[in-house]
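Trainee:
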Amino acid sequence: MLILESGAGNYIWSEGHQYSCFAGNNYLGLANHPKLVEAAIEGTKKYGLNFSASRQTTGTSEIHLELEKQLAGFKHRDDAVVFASGYLGNKILLHILRDEYDAIYADQSAHSSIPDGIPSDLSALYFYEHCNAADLESLIRKNKSKKPLVITDGIFALTGEIAPLDKIYPVVENNNGLLIVDDAHATGVLGKNGRGTPEYFDLGDAPRIFQTETMSKAIGVYGGFIASSNEITQRIREKSLVYGASTSLPPSLVTAATASIKLITEHPELRERMLLNSARIRAGFNELGFLTTNSCAPVIPILFSNQQNAADLSDFLKAHHIIAPFVNYPVKTVQSIVRITASAAHTDQQIDELLTVLEQWKNSWPERMQ
Ligand SMILES: Cc1ncc(COP(=O)(O)O)c(C=O)c1O
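Residues in the sequence shown are numbered from 562 upward in steps of one, following this note's numbering.
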């Protein structure tokens with residue numbers, strides 16, 4: 562395991578060495594941004610480390626309300642609710658929508674927070690083939706009497722594939738269902754305004770689509786949120802035990818996240834830079850002949866059928882002072898993956914160095930590219 566001796570920037574320190582970092586989810590390079598750090602310090606100075614109560618008792622502060630207002634504005638929704646972590650969002654939403662569906666249809670490669678969030682009283686749970694709207698449709702047809710709720714990642718965490726909502730949503734719509742998109746990796750990344758996968762597919766205002774989102778990736782801070790209609794956010798505040806019975810988000814995170822939303826809104830060039838860097842890296846992999854996915858997302862895997870080759874490439878990169886982990890969790894995948902992520906903070910030189918080292922691997926072991 563890599564032990565960090567620095568923050569998670571585009572360069573990191575570990576065991577006394579500096580590495581160029583293509584790991585993690587710091588897509589917009591905000592995890593160490595001075596303005597966010599300053600906002601966190603100011604929040605701590607004014608409010609301390611913790612409000613030491615749940616939102617419903619005495620843990621709601623003026624800065625929570627301000628953050629929720631900023632998130633609602635960013636997402637173009639009535640309201641937003643923040644809570645302890647993005648992982649919990651699926652559980653919260655599946656719980657408060659429980660009366661509106663009889664069956665859940667989840668993508669086979671959904672992030673572990675999705676199956677983990679399934680209400681315990683639900684017996685009708687089906688997994689459709691990865692990103693396959695036709696398979697989803699045939700499963701729903703076989704269970705016609707049950708009101709469907711479909712749930713999928715927006716951008717898949719390990720492969721960077723984008724769920725085909727243009728095909729999935731019509732199936733949901735034709736069957737009077739609901740759609741939840743876990744947009745942990747797409748918030749601040751996809752869509753004209755960075756509102757995520759529905760916006761990317763021009764479904765930003767489509768009815769019966771919900772998103773679960775996190776502030777721990779592109780936003781650069783920590784904590785989960787759901788932005789939706791007043792009716793839904795009120796339901797969450799009133800009915801969700803996860804929301805109601807856990808301590809509210811710490812002040813430093815709240816003030817930093819508010820600063821981040823402002824920064825993201827005012828600087829769309831950050832998202833453009835991240836997408837350009839992603840495209841350059843992906844094109845470089847394709848040119849070299851490494852196998853990757855076809856996407857614009859900043860998760861750019863190198864896919865191997867041979868697990869040892871994937872693990873060895875990750876070690877080879879580390880020996881050349883580049884961090885790109887061999888990842889085999891939290892989702893089961895057929896292929897072995899070296900998960901490379903692009904950030905707006907990466908320089909052209911860093912990307913050139915990455916591609917040069919990959920070329921060295923290719924020249925040394927042309928038979929070990931897959
Ligand atoms: C698809 C997906 N959903 C949810 C989460 C959990 O988000 P958080 O780390 O903010 O709890 C992750 C984190 O990796 C994720 O990849």
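Glycine residues also receive a C-beta, built at the ideal position from the N, C-alpha and C atoms. This structure is a prediction, so every number in the text was calculated from the model and none was measured.
Ile524: buried (16+ other C-beta within 10 angstroms of its C-beta) or exposed?
Mentor: Outside the displayed range of the chain (562 to 931) lies residue 524, so it cannot be described from this structure.
Trainee: What is the C-beta distance between Leu739 and Tyr689, in whole angstroms, given that I count them as a contact (C-beta under 8 Å)?
Mentor: Not confirmed; about 15 Å, so no contact.
Trainee: Sorted by chain position, which residues of the same chain lie with C-beta nearer than 8 Å to Gln669's C-beta, five sequence neighbours on each side aside?
Mentor: Same-chain partners within the cutoff: Phe688, Tyr689, Glu690, His691.
Trainee: State the DSSP-derived secondary structure class of Glu599, mapped to helix, strand or coil.
Mentor: Correct three-state label for Glu599: helix.
Trainee: So, with DSSP's three-state summary, where would you put Ile863?
Mentor: Correct three-state label for Ile863: strand.
Trainee: In the DSSP assignment, what residue or residues form a beta bridge with Arg900?
Mentor: Per DSSP, Pro862.
Trainee: Name the one or two DSSP bridge partners that Gly785 has.
Mentor: In the DSSP output, where bridge partners are listed per residue, Gly785 has Phe644, Thr775.
Trainee: Could you pull out every residue in the same chain whose Cβ sits closer than 8 Å to the Cβ of Asn611, ignoring the five residues on either side in sequence?
Mentor: The residues are Thr808, Pro811, Pro812.
Trainee: Please list, in chain order, all residues of the same chain as Ala817 whose beta carbon is under 6 Å from its beta carbon, the five residues on each side excluded.
Mentor: Counting only Cβ-Cβ distances below 6 Å, and skipping sequence neighbours, we find Leu597, Ala600, Ala601, Val782.
Trainee: Please find out if some non-hydrogen atom of ligand 2 comes closer than 6 Å to the beta-carbon of His691.
Mentor: Among the ligands in the structure shown, ligand 2 does not appear; only ligand 1 can be found there.
Trainee: Might you give, ordered along the chain, the residues of its own chain that have their beta carbon closer than 7 Å to the beta carbon of Arg659, omitting 5 neighbours on each side?
Mentor: So the qualifying residues of the chain are Pro680.
Trainee: In angstroms, rounded to a whole number, what distance separates the CA positions of Thr618 and Glu792?
Mentor: Answer to the nearest angstrom: the Cα atoms are 21 Å apart.
Trainee: Can you round the beta-carbon distance between Ile787 and Gly650 to whole angstroms, since I take them to be within the 8 Å contact cut?
Mentor: Correct: roughly 6 Å between the Cβ atoms.
Trainee: Can you grab the Cα-Cα spacing for the pair Thr621 / Gln795, in whole Å?
Mentor: Using only the alpha carbons, I get a separation of about 15 Å.
Trainee: Short of 8 Å in beta carbon distance, which residues of its chain neighbour Asn847, apart from the five on each side in sequence? Order them along the chain.
Mentor: Within the same chain, Asn847 has close Cβ partners Thr853.
Trainee: Comparing C-alpha positions only, which one of Asn587, Asn693, Gly749 sits nearest to Glu827?
Mentor: Cα-wise, what sits closest to Glu827 is Gly749.
Trainee: Regarding His594 and ligand 1, is the C-beta to nearest heavy atom distance less than 6 Å?
Mentor: No - ligand 1 has no heavy atom lying nearer than 6 Å to the Cβ of His594.
Trainee: Asp744 lies in the alpha helix (DSSP H); which residues open and close that run?
Mentor: Per DSSP, Asp744 belongs to no alpha helix (DSSP H) and is neither H nor E.
Trainee: CA-CA distance, Asp913 and Arg702?
Mentor: In a straight line, the C-alpha of Asp913 is about 50 Å away from that of Arg702.
Trainee: I'd like to know if Ile883 contacts chain B, where contact means its C-beta is closer than 7 Å to some C-beta of that chain.
Mentor: Although the question refers to chain B, the structure presented lacks it and comprises just one protein chain.
Trainee: Nearest to Trp922 by alpha carbon, out of Leu874, Pro886, Gln896?
Mentor: It is Leu874.
Trainee: Grouping DSSP H, G and I as helix and E and B as strand, with all else coil, what is Phe934?
Mentor: Absent from the structure is residue 934, since the part of the chain shown begins at 562 and ends at 931.
Trainee: Nearest to Gly935 by alpha carbon, out of Asp876, Thr775, Met835?
Mentor: What is shown of the chain runs 562 to 931, which leaves residue 935 out entirely.
Trainee: Just list the residues that DSSP pairs Phe887 with in beta bridges.
Mentor: In DSSP, Phe887 forms a bridge with Val899.
Trainee: Can you give the Cα-Cα distance for Ile901 and Ile712, rounded to whole angstroms?
Mentor: Approximately 25 Å, taken between the alpha carbons.
Trainee: Below 6 Å, is the gap between the Cβ of Gly765 and the nearest heavy atom of ligand 1?
Mentor: No, the beta carbon of Gly765 sits no closer than 6 Å to any heavy atom of ligand 1.
Trainee: For ligand 1, which residues count as neighbours when the test is a C-beta closer than 5 Å to any heavy atom?
Mentor: My final list is Ser646, Gly647, Tyr648, His672, Ser674, Asp714, Ala718, Asp743, Ala745, Thr775, Ser777.
Trainee: The alpha helix (DSSP H) that contains Asp873, what's its start and end?
Mentor: That run of the alpha helix (DSSP H) goes 868-880.
Trainee: Would you call Pro768 buried or exposed, if buried means 16 or more other Cβ atoms sit within 10 Å of its Cβ?
Mentor: The residue is exposed, with fewer than 16 neighbouring Cβ atoms inside 10 Å.
Trainee: Using alpha carbons as the reference points, say which of Tyr572, Phe635, Ala745 lies closest to Ala584.
Mentor: It is Tyr572 whose Cα lies nearest to the Cα of Ala584.
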